[in-house]
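Chemist: Residue numbers (my numbering): 36 to 307.
Sharing a structure here in C-alpha coordinates format.
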(Lines of atoms letter the chains of each structure in order from A and count residues from 1; the text may use other names and numbers.)
(Lines give C-alpha, C1' and ligand atoms only; values in the text may rest on other atoms or scores of the structure.)
Protein backbone atom coordinates (compact mmCIF):
# COMPACT_ATOMS: atom_id res chain seq x y z
CA UNK A 1 0.00 0.00 0.00
CA UNK A 2 1.48 3.37 -0.96
CA UNK A 3 1.82 6.30 1.44
CA UNK A 4 -1.09 8.25 -0.04
CA UNK A 5 -3.49 5.32 0.35
CA UNK A 6 -2.27 4.68 3.91
CA UNK A 7 -3.27 8.30 4.58
CA UNK A 8 -6.73 7.69 3.13
CA UNK A 9 -7.33 4.65 5.33
CA UNK A 10 -6.13 6.61 8.35
CA UNK A 11 -8.65 9.36 7.54
CA UNK A 12 -11.51 6.88 7.36
CA UNK A 13 -10.49 5.17 10.60
CA UNK A 14 -10.44 8.53 12.38
CA UNK A 15 -13.90 9.41 11.11
CA UNK A 16 -15.41 6.07 12.11
CA UNK A 17 -13.80 6.33 15.52
CA UNK A 18 -15.53 9.65 16.07
CA UNK A 19 -12.39 11.67 16.64
CA UNK A 20 -12.76 15.41 16.30
CA UNK A 21 -9.09 16.06 15.46
CA UNK A 22 -8.07 15.75 11.81
CA UNK A 23 -4.77 15.90 10.01
CA UNK A 24 -3.82 19.36 8.83
CA UNK A 25 -3.26 18.19 5.23
CA UNK A 26 -6.79 16.83 5.03
CA UNK A 27 -8.36 19.98 6.50
CA UNK A 28 -6.54 22.28 4.08
CA UNK A 29 -7.33 20.09 1.08
CA UNK A 30 -11.00 19.92 2.07
CA UNK A 31 -11.04 23.70 2.42
CA UNK A 32 -9.98 23.92 -1.22
CA UNK A 33 -6.56 25.42 -0.56
CA UNK A 34 -4.76 22.91 -2.77
CA UNK A 35 -4.36 19.20 -3.38
CA UNK A 36 -2.91 17.16 -0.53
CA UNK A 37 0.50 16.93 -2.15
CA UNK A 38 0.53 20.68 -2.75
CA UNK A 39 -0.55 21.26 0.85
CA UNK A 40 2.37 19.14 2.06
CA UNK A 41 4.65 21.38 0.04
CA UNK A 42 3.14 24.48 1.67
CA UNK A 43 3.71 22.99 5.11
CA UNK A 44 7.30 22.01 4.27
CA UNK A 45 7.95 25.56 3.10
CA UNK A 46 6.78 26.95 6.44
CA UNK A 47 3.82 28.80 4.95
CA UNK A 48 1.18 27.29 7.26
CA UNK A 49 0.48 28.33 10.86
CA UNK A 50 -1.90 26.91 13.46
CA UNK A 51 -2.92 29.33 16.23
CA UNK A 52 -0.04 31.58 15.20
CA UNK A 53 2.61 28.85 15.37
CA UNK A 54 4.42 27.74 12.21
CA UNK A 55 3.85 24.07 11.39
CA UNK A 56 6.47 21.92 9.72
CA UNK A 57 5.54 18.40 10.86
CA UNK A 58 3.41 16.34 8.48
CA UNK A 59 0.41 14.70 10.10
CA UNK A 60 -0.13 17.47 12.66
CA UNK A 61 -3.66 17.18 14.09
CA UNK A 62 -5.99 20.16 14.31
CA UNK A 63 -9.45 20.58 15.82
CA UNK A 64 -12.43 22.64 14.80
CA UNK A 65 -11.43 25.54 17.09
CA UNK A 66 -7.90 25.96 15.72
CA UNK A 67 -7.09 29.01 13.58
CA UNK A 68 -5.26 27.90 10.45
CA UNK A 69 -3.52 30.38 8.16
CA UNK A 70 -1.71 29.99 4.85
CA UNK A 71 0.62 32.85 3.97
CA UNK A 72 -1.03 34.81 6.78
CA UNK A 73 -4.57 34.41 5.41
CA UNK A 74 -7.12 32.73 7.67
CA UNK A 75 -8.62 29.59 6.12
CA UNK A 76 -12.38 29.23 6.29
CA UNK A 77 -13.37 25.69 7.19
CA UNK A 78 -16.64 23.99 6.35
CA UNK A 79 -17.93 21.04 8.34
CA UNK A 80 -20.55 20.35 5.69
CA UNK A 81 -19.77 18.67 2.39
CA UNK A 82 -21.08 20.19 -0.84
CA UNK A 83 -21.34 18.65 -4.29
CA UNK A 84 -22.03 20.47 -7.56
CA UNK A 85 -22.03 19.75 -11.27
CA UNK A 86 -20.70 22.61 -13.40
CA UNK A 87 -20.89 22.94 -17.18
CA UNK A 88 -17.52 24.56 -17.73
CA UNK A 89 -17.44 26.98 -20.67
CA UNK A 90 -14.56 27.25 -23.12
CA UNK A 91 -12.13 29.98 -22.01
CA UNK A 92 -12.20 29.15 -18.29
CA UNK A 93 -9.32 27.42 -16.51
CA UNK A 94 -9.78 24.53 -14.09
CA UNK A 95 -7.72 25.97 -11.24
CA UNK A 96 -8.31 27.99 -8.10
CA UNK A 97 -6.26 30.93 -9.43
CA UNK A 98 -4.54 31.78 -12.70
CA UNK A 99 -1.28 33.78 -13.02
CA UNK A 100 -2.44 35.04 -16.42
CA UNK A 101 -5.62 36.52 -15.00
CA UNK A 102 -8.02 34.24 -16.86
CA UNK A 103 -11.40 33.27 -15.43
CA UNK A 104 -11.39 30.18 -13.21
CA UNK A 105 -14.01 27.60 -12.27
CA UNK A 106 -13.59 28.58 -8.61
CA UNK A 107 -14.65 32.14 -9.48
CA UNK A 108 -17.80 30.78 -11.16
CA UNK A 109 -18.64 28.98 -7.89
CA UNK A 110 -18.25 32.03 -5.62
CA UNK A 111 -21.95 32.01 -4.76
CA UNK A 112 -21.90 28.62 -2.99
CA UNK A 113 -21.71 28.29 0.83
CA UNK A 114 -18.23 26.70 0.96
CA UNK A 115 -15.00 26.73 -1.01
CA UNK A 116 -15.27 23.93 -3.55
CA UNK A 117 -12.64 22.79 -5.99
CA UNK A 118 -12.66 20.79 -9.25
CA UNK A 119 -12.40 17.03 -9.49
CA UNK A 120 -9.78 16.67 -12.21
CA UNK A 121 -9.26 19.12 -15.04
CA UNK A 122 -10.74 20.24 -18.32
CA UNK A 123 -8.52 22.13 -20.75
CA UNK A 124 -8.97 25.84 -21.37
CA UNK A 125 -10.41 25.01 -24.83
CA UNK A 126 -12.61 22.15 -23.60
CA UNK A 127 -16.16 22.57 -22.32
CA UNK A 128 -18.37 20.24 -20.35
CA UNK A 129 -19.22 18.56 -17.10
CA UNK A 130 -17.02 19.08 -14.06
CA UNK A 131 -17.71 17.96 -10.50
CA UNK A 132 -16.97 20.62 -7.86
CA UNK A 133 -16.80 19.64 -4.19
CA UNK A 134 -15.09 20.14 -0.83
CA UNK A 135 -15.14 16.38 -0.20
CA UNK A 136 -11.42 15.71 -0.51
CA UNK A 137 -11.70 11.96 0.04
CA UNK A 138 -14.22 11.49 -2.77
CA UNK A 139 -12.35 13.87 -5.08
CA UNK A 140 -9.09 11.97 -4.65
CA UNK A 141 -10.68 8.62 -5.43
CA UNK A 142 -12.59 9.91 -8.44
CA UNK A 143 -9.32 11.21 -9.89
CA UNK A 144 -7.17 8.20 -9.04
CA UNK A 145 -6.64 5.94 -12.09
CA UNK A 146 -6.96 2.76 -10.01
CA UNK A 147 -10.73 3.36 -9.69
CA UNK A 148 -11.23 3.60 -13.46
CA UNK A 149 -13.95 6.26 -13.44
CA UNK A 150 -15.19 6.70 -17.00
CA UNK A 151 -15.40 10.08 -18.72
CA UNK A 152 -17.21 10.49 -22.04
CA UNK A 153 -16.43 13.23 -24.55
CA UNK A 154 -18.20 14.46 -27.68
CA UNK A 155 -15.50 15.14 -30.24
CA UNK A 156 -15.69 17.07 -33.52
CA UNK A 157 -13.02 16.19 -36.09
CA UNK A 158 -12.50 16.69 -39.81
CA UNK A 159 -14.17 13.67 -41.38
CA UNK A 160 -14.72 11.10 -42.51
CA UNK A 161 -12.84 9.11 -39.86
CA UNK A 162 -11.30 5.92 -41.19
CA UNK A 163 -11.95 2.46 -39.74
CA UNK A 164 -8.25 1.97 -39.00
CA UNK A 165 -8.17 5.12 -36.87
CA UNK A 166 -11.20 3.99 -34.88
CA UNK A 167 -9.60 0.59 -34.24
CA UNK A 168 -6.39 2.23 -33.06
CA UNK A 169 -8.35 4.26 -30.53
CA UNK A 170 -10.20 1.14 -29.38
CA UNK A 171 -6.97 -0.81 -28.92
CA UNK A 172 -4.90 1.95 -27.30
CA UNK A 173 -2.69 4.66 -28.76
CA UNK A 174 1.03 5.16 -28.15
CA UNK A 175 1.66 8.60 -26.67
CA UNK A 176 4.85 10.19 -25.35
CA UNK A 177 3.94 9.18 -21.77
CA UNK A 178 2.92 5.62 -22.63
CA UNK A 179 0.20 3.66 -24.35
CA UNK A 180 -3.37 4.54 -23.47
CA UNK A 181 -5.89 1.99 -22.31
CA UNK A 182 -8.46 1.00 -24.94
CA UNK A 183 -11.12 3.65 -25.45
CA UNK A 184 -14.77 3.17 -26.28
CA UNK A 185 -15.50 5.01 -29.54
CA UNK A 186 -18.90 5.48 -31.18
CA UNK A 187 -19.83 7.45 -34.29
CA UNK A 188 -22.58 9.90 -33.42
CA UNK A 189 -23.12 11.51 -36.83
CA UNK A 190 -22.12 11.33 -40.42
CA UNK A 191 -20.46 14.28 -42.07
CA UNK A 192 -21.81 17.70 -41.12
CA UNK A 193 -21.43 20.99 -42.88
CA UNK A 194 -19.55 23.79 -41.16
CA UNK A 195 -22.68 25.88 -40.60
CA UNK A 196 -23.93 23.23 -38.13
CA UNK A 197 -20.72 23.27 -36.07
CA UNK A 198 -19.78 26.29 -33.97
CA UNK A 199 -16.10 26.27 -34.87
CA UNK A 200 -13.92 28.53 -36.94
CA UNK A 201 -12.29 26.20 -39.45
CA UNK A 202 -11.73 26.26 -43.20
CA UNK A 203 -12.89 22.71 -43.88
CA UNK A 204 -16.62 22.26 -44.48
CA UNK A 205 -16.92 18.63 -43.30
CA UNK A 206 -16.95 17.34 -39.74
CA UNK A 207 -17.76 14.08 -38.03
CA UNK A 208 -18.87 13.70 -34.42
CA UNK A 209 -17.54 10.89 -32.23
CA UNK A 210 -18.16 9.94 -28.63
CA UNK A 211 -15.02 8.78 -26.87
CA UNK A 212 -15.01 7.20 -23.40
CA UNK A 213 -11.79 6.83 -21.40
CA UNK A 214 -11.00 6.01 -17.77
CA UNK A 215 -7.51 7.46 -17.51
CA UNK A 216 -6.43 11.00 -16.79
CA UNK A 217 -3.40 11.67 -18.96
CA UNK A 218 -2.86 15.33 -19.81
CA UNK A 219 -5.01 16.41 -22.78
CA UNK A 220 -5.53 12.74 -23.47
CA UNK A 221 -8.45 12.79 -25.91
CA UNK A 222 -6.90 15.54 -28.02
CA UNK A 223 -3.57 13.72 -28.12
CA UNK A 224 -5.16 10.39 -29.00
CA UNK A 225 -7.12 11.82 -31.91
CA UNK A 226 -4.11 13.76 -33.11
CA UNK A 227 -1.95 10.62 -32.96
CA UNK A 228 -4.29 8.75 -35.33
CA UNK A 229 -4.45 11.65 -37.77
CA UNK A 230 -7.61 13.50 -36.76
CA UNK A 231 -6.85 16.65 -34.74
CA UNK A 232 -9.73 17.74 -32.51
CA UNK A 233 -11.72 20.74 -33.69
CA UNK A 234 -14.09 20.92 -30.73
CA UNK A 235 -14.28 18.93 -27.50
CA UNK A 236 -16.94 18.64 -24.82
CA UNK A 237 -17.25 16.31 -21.85
CA UNK A 238 -20.79 14.97 -21.71
CA UNK A 239 -20.55 12.40 -18.92
CA UNK A 240 -18.52 11.82 -15.76
CA UNK A 241 -19.15 8.43 -14.18
CA UNK A 242 -22.94 8.21 -13.64
CA UNK A 243 -23.45 11.95 -14.26
CA UNK A 244 -24.53 13.19 -17.66
CA UNK A 245 -26.42 15.93 -19.44
CA UNK A 246 -29.88 14.42 -19.01
CA UNK A 247 -30.73 17.49 -16.92
CA UNK A 248 -29.57 20.18 -19.32
CA UNK A 249 -27.04 22.66 -17.93
CA UNK A 250 -26.12 25.71 -19.97
CA UNK A 251 -22.42 26.61 -20.20
CA UNK A 252 -21.33 28.52 -17.10
CA UNK A 253 -24.22 27.18 -14.99
CA UNK A 254 -24.09 24.70 -12.14
CA UNK A 255 -26.46 22.74 -9.94
CA UNK A 256 -26.28 20.77 -6.70
CA UNK A 257 -25.97 17.04 -7.06
CA UNK A 258 -28.89 15.06 -5.74
CA UNK A 259 -28.45 12.72 -2.79
CA UNK A 260 -28.82 9.79 -5.18
CA UNK A 261 -26.10 11.16 -7.48
CA UNK A 262 -23.69 11.60 -4.57
CA UNK A 263 -24.42 8.06 -3.41
CA UNK A 264 -23.69 6.73 -6.90
CA UNK A 265 -20.37 8.58 -7.06
CA UNK A 266 -19.32 7.34 -3.64
CA UNK A 267 -20.36 3.75 -4.42
CA UNK A 268 -18.40 3.94 -7.67
CA UNK A 269 -15.14 4.39 -5.73
CA UNK A 270 -15.92 2.20 -2.75
CA UNK A 271 -17.11 4.80 -0.23
CA UNK A 272 -20.22 4.28 1.88
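Just so you know, even glycine gets a beta-carbon here, dropped at the ideal spot from N, CA and C.
Bear in mind that the values here come from a model prediction, so they are computed numbers and not experimental data.
Which two residues bound the contiguous alpha helix (DSSP H) that contains residue 74?
Modeler: 71 to 79
Chemist: Please name the residue in 249, 166, 192 and 291 whose C-alpha comes closest to that of residue 130.
Modeler: 166
Chemist: Given a threshold of 16 other Cβ atoms within 10 Å of its Cβ, counted over all protein chains shown, does residue 134 qualify as buried or as exposed?
Modeler: exposed
Chemist: Around the Cβ of residue 109, are there at least 16 other Cβ atoms within 10 angstroms (buried) or fewer (exposed)?
Modeler: exposed
Chemist: Determine the extent of the alpha helix (DSSP H) in which residue 64 is found, giving its start and end residues.
Modeler: 59 to 65
Chemist: Any contact of the segment 289 to 304 with the segment 194 to 214, i.e. 3+ C-beta pairs under 8 Å?
Modeler: no
Chemist: Should residue 100 and residue 89 be called a contact, given that it needs their Cβ atoms to be closer than 9 Å?
Modeler: no
Chemist: By the three-class DSSP mapping on this structure, what secondary structure does residue 254 have?
Modeler: Residue 254 falls in the coil class under three-state DSSP.
Chemist: From the DSSP output, in three-state form, read off residue 150 for me.
Modeler: coil
Chemist: Among 247, 283 and 77, whose alpha-carbon lies nearest the alpha-carbon of residue 104?
Modeler: 77
Chemist: Less than 9 Å between the beta carbons of residue 288 and residue 121, yes or no?
Modeler: Closer than 9 Å, so yes.
Chemist: Residue 53 by DSSP, collapsed to three states: which one?
Modeler: Reliability fails at residue 53, whose pLDDT of 40 lies under 50, so the model's placement of it is uncertain and the value that follows must be treated cautiously. Here residue 53 sits in coil by DSSP.
Chemist: Counting pairs of Cβ atoms below 8 Å between the segment 251 to 260 and the segment 135 to 144, do you hit three or more?
Modeler: no
Chemist: Under the assumption that residue 222 contacts residue 204 (Cβ atoms under 8 Å), give the Cβ distance between them as a whole number of angstroms.
Modeler: About 12 Å; that fails the 8 Å criterion.
Chemist: Could you check the C-alpha separation between residue 57 and residue 68 for me, to the nearest Å?
Modeler: If I take the Cα positions, the gap works out to 16 Å.
Chemist: Cβ atoms of residue 206 and residue 217: under 9 Å apart, would you say?
Modeler: yes
Chemist: Short of 8 Å in beta carbon distance, which residues of its chain neighbour residue 249, apart from the five on each side in sequence? Order them along the chain.
Modeler: Answer for residue 249: 180, 183, 184, 185, 186 and 216, listed in chain order.
Chemist: Within the segment 165 to 191, note down every full alpha helix (DSSP H) run reaching 4 residues or more, in order along the chain.
Modeler: 171 to 178
Chemist: Residues in its own chain within less than 6 Å of residue 112 by CB, not counting five upstream and five downstream?
Modeler: 66
Chemist: Measure from the alpha carbon of residue 304 to the alpha carbon of each residue in 178, 268, 193 and 293, then state which is nearest.
Modeler: 178
Chemist: Taking the C-alpha atoms as reference points, what is the distance between residue 269 and residue 161?
Modeler: Approximately 7 Å, taken between the alpha carbons.
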